[in-house]
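Peer 1:
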Amino acid sequence: EVDVSRIRGNVSDQNKRFAVNIFLHFIGAREENFGAQVGRRLKLVEMNVPSRNGKATEAKTVFEITVTKDMCNTYGTLHGACTTYIVDPCSVSALVVLGVALGVDGTGVSQSMNL
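Position in the sequence shown (from 1) plus 3 gives the number in the working numbering.
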């Protein structure tokens, strides 16, 4: 079972756990999946679903990661492809959290990134 005690925010522990499990599924259940070694280092530290007039209309998630050599380019800075990989699951995570709050599946969303 996933420990969500260190994830800040106004989302219930049950919903945090559910959202984290979805996130873990998408970054790769197996070590050999593309990006899994980097994805598993992403640390979800905050989940918030503010409500307006008693209804959830948005969600915010905050992740942290330490940049290591295997994520860097020749110049020692974060590689652009690695940045794109990180942005993908992190950006959809807020949609998943909002979906959990609203009782809908937030994983079937398509997004376009111009990086």
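For each residue, glycine too, the CB sits at the ideal point set by N, CA and C. Values in this document were obtained by computation on a predicted structure and should not be read as measured data.
With a cut-off of 8 Å on the beta carbons, I'd call asparagine 51 and valine 14 a contact; round off their distance for me.
Peer 2: Position 48 of the sequence shown, counted from the first residue, corresponds to residue 51. Position 11 of the sequence shown, counted from the first residue, corresponds to residue 14. Their Cβ separation, rounded to whole angstroms, is 7 Å, which keeps asparagine 51 and valine 14 in contact under 8 Å.
Peer 1: Looking at the secondary structure, which residues open and close the alpha helix (DSSP H) in which phenylalanine 66 lies?
Peer 2: The residue you call residue 66 lines up with position 63 of the sequence shown. Run containing phenylalanine 66: none in the alpha helix (DSSP H); it sits in the beta strand (DSSP E), 63-67.
Peer 1: Please look up how many angstroms separate the CB atoms of alanine 97 and alanine 59, rounded, as I've assumed it's under 8 Å.
Peer 2: By 1-based counting over the sequence shown, the position of residue 97 is 94. By 1-based counting over the sequence shown, the position of residue 59 is 56. About 11 Å; that fails the 8 Å criterion.
Peer 1: Looking at the structure shown, is leucine 45 part of a helix, part of a strand, or coil, going by DSSP?
Peer 2: Working through the sequence shown from its first residue, we reach residue 45 at position 42. Correct three-state label for leucine 45: coil.
Peer 1: Counting only the same chain and skipping the five closest in sequence on each side, list residues whose C-beta sits under 6 Å from that of phenylalanine 66.
Peer 2: Numbered from its first residue, the sequence shown carries residue 66 at position 63. Leu45, Leu47 and Cys93, listed in sequence order.
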